[in-house]
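First the structure, in the form of structure tokens, and then the observations on it.
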Amino acid sequence: MIKSVLIANRGEIAVRIARTARRMGIMTFALRTKKEPEAAYLQAVDSVIDFPETNSCVSEFLNAEMIVHLAKEYDIQAIHPGYGYLSENANFAEQCNRSGIKFIGPSPEIIRAMGDKIMAKEIAACCGVPMLGGSKGRVGTIDVAIDIAESIGYPVIIKAASGGGGRGMRIVREKSDMRQMFEMASSEALNAFDDSSVFIEKYLENPKHIEFQIVADNFGNVVHLGERECSVQRKHQKLLEEAPSQALDEKLRQKMATASVNLAKAANYHNLGTVEFLLDKNGNFYFMEMNTRIQVEHPVTEMITGFDLVELQILIASGEELPISQKDVILNGWAIECRINAEDAQSGFAPCIGTIRNLRLPQGNNIRIDTGIRPGSEITPWFDSMIAKLIVYGKNRAEAIELALSSLQQFHVKGIKTTIPFCKAVLHNPDFRSGNFDTSFIETKLHSIVYREEHEELLAALLAVYTYTHETLPVTGPETAIDPWVLNKRIRHL
Amino acid sequence: MKTQNTKLIAFGKNKEEYEFSVNNSYEYSHWEQKLKVELIEEADGFTILSCNGVRYPVEILSQKQNSFEVLVNGVSYSFLVETPFSLKRNHILSSQNKKFETENITAPMPGKILNILVVEGQTINNGEALLVLEAMKMQNVLVTNVKGVVTKLFVKTGNTVGKDDLLVEIKSM
């Protein structure tokens with residue numbers, strides 16, 4: 218069993234990992250950076266390591282060499298990469314292994330294979346997972362791109378071969394847009410992933426985004442933990458997730474789960490992974506990609522299965538056998554996760570920076586909050602805008618929606634604008650409530666991007682007028698004013 | 009200021025008007041409806057607007073003279089507080105200024121200018137792309153929502169810009 222772990226991440230996920238690791242009796246280490254020396258996650262661990270000053274302009278959490286070096290120096294046995302940063306970096310996993318440090322995640326070979334979207338598609342195709350048509354391998358030039366698009370028909374989507382998180386992706390609806398979109402996709406891919414290669418796929422209009430959580434040990438046991446519904450997206454960024462999905466009946470769930478498990482077996486997968494699918498209106502599903510790390514939205518799976526996914530990750534990385542089998546997995550109830558981002562939904566989700574002056578968090582049964590901020594925390598442009606996740610659990614979907622709404626009502630952040638009013642708008646929307654939504658939901662069905670209570674605008678107007686009158690009023694109002702005749706008399710008597 | 013039955017109007021961005029009559033600085037009424045208002049500073053720093061006993065979390069984001077930006081339930085609203093007279097004057101002034109309308113395109117978020125797709129003097133149509141702004145590692149195309157001529161470019165490729173920085177000036181036609 219692992220005795221110590223370095224958490225090579227920050228924010229809420231660092232706190233999340235530390236919580237489980239400490240419960241398991243593992244010594245936890247975190248990295249302190251110059252950019253947020255007083256961050257809340259540093260309090261969640263047993264020991265803090267100062268990240269040495271370097272001239273490099275890359276983010277500290279991307280500095281693979283230094284992180285491995287620090288782990289060696291402090292004699293730490295394992296590294297948990299969280300999500301983002303180095304979590305899907307095969308070279309980093311390799312460096313860890315070479316230095317005798319356990320990388321909590323799959324092997325470098327699997328990360329490399331799945332990280333290369335083209336190779337991932339080949340593996341999935343081999344074990345019979347349904348797939349959308351498109352280019353066979355990389356597309357080098359715009360002319361080739363146009364040829365392929367013409368053969369499969371517009372619209373098509375250009376994707377970065379080493380992409381993820383919605384970056385380096387562009388939809389092309391007609392030939393004339395191809396040049397601009399192709400250039401943008403490859404330059405964005407180069408910036409974000411250091412690899413400009415892209416491929417082309419038929420674009421499925423308005424699908425649902427469904428993903429399956431799988432977990433596999435080193436002894437060939439593969440178990441799936443059900444699906445997550447992540448269709449509420451904006452520019453391919455997930456904003457609200459739930460588990461299970463209303464769109465799946467037991468038959469379809471079995472089919473998709475079998476495909477996910479088969480893929481994991483074919484890839485000789487181990488540790489935690491997520492198979493992402495697109496689901497069309499007729500119940501046809503297509504493989505999109507496989508994520509080889511813990512996901513942001515993992516808590517919804519934890520809520521309905523009762524398993525701690527970070528614990529499973531650590532157990533598997535320690536070389537233990539999976540403590541659960543498929544028959545132990547029972548999907549029970551309904552969970553919803555709202556991502557609370559420091560973004561202004563009213564002006565195109567522009568990131569908000571500033572100081573969290575105060576926080577009020579909802580409390581109660583079946584409410585979980587994963588956060589990496591506290592009063593006084595700085596929100597800087599250096600890091601991701603997600604500041605907290607609200608996860609609620611109910612016996613059924615309607616109950617979960619109601620609990621999510623009442624919790625958001627009690628969730629207050631002072632100092633910056635957040636996506637709380639946006640999450641309320643989604644949860645109040647009749648189409649969302651009836652389950653009639655797909656990835657186009659925000660553009661087509663969400664008529665108001667924020668939820669406004671009745672008479673809210675009137676109240677805002679009232680607040681402005683109230684403040685105005687109170688600031689321009691003389692301290693002595695008419696009630697306390699002295700009649701000038703009386704005053705005159707008094708002066709004469711002085 | 010006189011506080012006996014003063015009329016004040018909150019004038020919003022989308023030209024919505026809310027008229028209040030103010031009496032003694034705490035009695036407000038809107039369309040004959042009496043509103044008992046109190047602004048409460050809670051111990052933990054949150055501000056609560058209590059209106060006829062119902063409490064709403066609020067925040068005053070900015071105040072410049074009579075221009076307010078406030079937050080109610082986390083949603084922001086902008087208002088100008090005017091008297092009936094000053095509002096009328098503003099209406100007259102704005103109707104006179106209509107002829108020379110320039111549209112300023114500002115940065116919706118902080119980021120880096122990756123590409124500029126127009127030049128000064130170019131005629132552009134509604135919906136045409138102006139420039140590409142990279143923010144939080146995403147590329148965003150800024151488009152114009154007016155038809156007109158690009159009169160001035162304030163940025164160059166590679167510039168870093170802050171939120172609300174002036175990028176392009178367009179004279180609308």
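These protein sequence lines are chains F and E, in that order.
Taking the working numbering, the leading residue of the first sequence gets 218, the next gets one more, and so forth.
Taking the working numbering, the leading residue of the second sequence gets 9, the next gets one more, and so forth.
Backbone N, C-alpha and C fix where the C-beta goes; we use that ideal spot for every residue, glycine too.
Note that the structure is a prediction, hence the values are computed from the model and not measured.
- Contact between G443/F and P461/F holds: their C-beta atoms lie close to 6 Å from each other, under 8 Å.
- When Cβ-Cβ separations below 8 Å define contact, Q580/F makes no contact with chain E.
- Here M507/F carries a strand assignment [DSSP, helix/strand/coil].
- DSSP, read as helix, strand or coil, puts K472/F in helix.
- Interface with chain F (8 Å Cβ-Cβ cutoff): N31/E is excluded.
- The segment 36-48 of chain E makes no contact with the segment 522-530 of chain F: fewer than 3 CB pairs, one atom from each, lie closer than 8 Å.
- Contact between Y302/F and L287/F fails: their C-beta atoms lie close to 15 Å from each other, not under 8 Å.
- Any Cβ of chain E closer than 8 Å to the Cβ of V513/F would place that residue at the interface, and such an atom is absent.
- Setting aside the 5 residues that flank it on each side, I533/F is surrounded in the same chain by V432, A433, D434, N435, H487, N488, L489 and L539, each with a C-beta closer than 8 Å to its C-beta; the list follows chain order.
- For E255/F, there is no enclosing alpha helix (DSSP H), since its DSSP letter is neither H nor E.
- Assigned with DSSP and collapsed to three states, V643/F falls in helix.
- Secondary structure at V285/F: helix, using DSSP grouped into helix, strand and coil.
- I68/E reaches chain F at L680 and T684, counting residues in chain order whose Cβ is nearer than 8 Å.
- In the three-state reduction of the DSSP assignment, T661/F falls in the helix class, which pools H, G and I.
- Against H38/E, the close residues of chain F are L675, A678 and L679, in the order they occur along the chain (beta-carbon pairs closer than 9 Å).
- Residue environment analysis places P254/F among the exposed positions, since fewer than 16 neighbouring C-beta atoms fall within 10 angstroms of its C-beta.
- Excluding residues up to 5 positions away in sequence, N646, D648 and F654 lie with their Cβ nearer than 7 Å to the Cβ of K662/F in the same chain.
- Ranked by how close their Cα comes to the Cα of T250/F, the residues A235/F, I243/F and I224/F have I224/F in first place.
- Taking 8 Å as the cut-off, the beta carbon of M395/F is found no closer than this to the beta carbon of I374/F.
- Between the segment 78-94 of chain E and the segment 18-36 of chain E there are three or more inter-stretch CB-CB distances shorter than 8 Å, so the stretches are counted as touching.
- By the Cβ test, the segment 542-553 of chain F is in contact with the segment 598-612 of chain F, since at least three Cβ pairs between them sit closer than 8 Å.
- Under the DSSP definition of a beta bridge, W551/F partners with G611/F.
- Annotation for Q41/E: the continuous beta strand (DSSP E) segment containing it runs Q41 to E49.
- Put simply, the backbone Cα of F87/E is about 6 Å away from that of A18/E.
- In the DSSP secondary-structure assignment, Q454/F is bridged to R451/F.
- Looking only at G593/F, E514/F, T636/F and F268/F, the smallest Cα-Cα distance to R585/F is reached by E514/F.
- Per the C-alpha coordinates, the member of P372/F, D360/F, A366/F and K334/F positioned closest to G354/F is K334/F.
- For the C-beta of Q71/E, the chain F residues within less than 9 Å are, from N- to C-terminus, A681, T684, Y685 and E688.
- At a cut-off of 8 Å between beta carbons, K631/F contacts chain E.
- P568/F is bridged by DSSP to E560/F.
- Below 8 Å, enough C-beta pairs join the segment 630-640 of chain F and the segment 570-584 of chain F to call them touching: three or more.
- In the structure shown, D648/F adopts helical secondary structure according to DSSP, grouped into three states.
- At a cut-off of 8 Å, the C-beta of S564/F has a neighbouring C-beta in chain E.
- The residue from Y64/E, N123/E and G20/E with its alpha-carbon nearest to that of N148/E is N123/E.
- Around the CB of K23/E, fewer than 16 other CB atoms lie within 10 Å, so the residue is classed as exposed.
- Interface annotation, M218/F: not in contact with chain E, CB-CB separation never under 8 Å.
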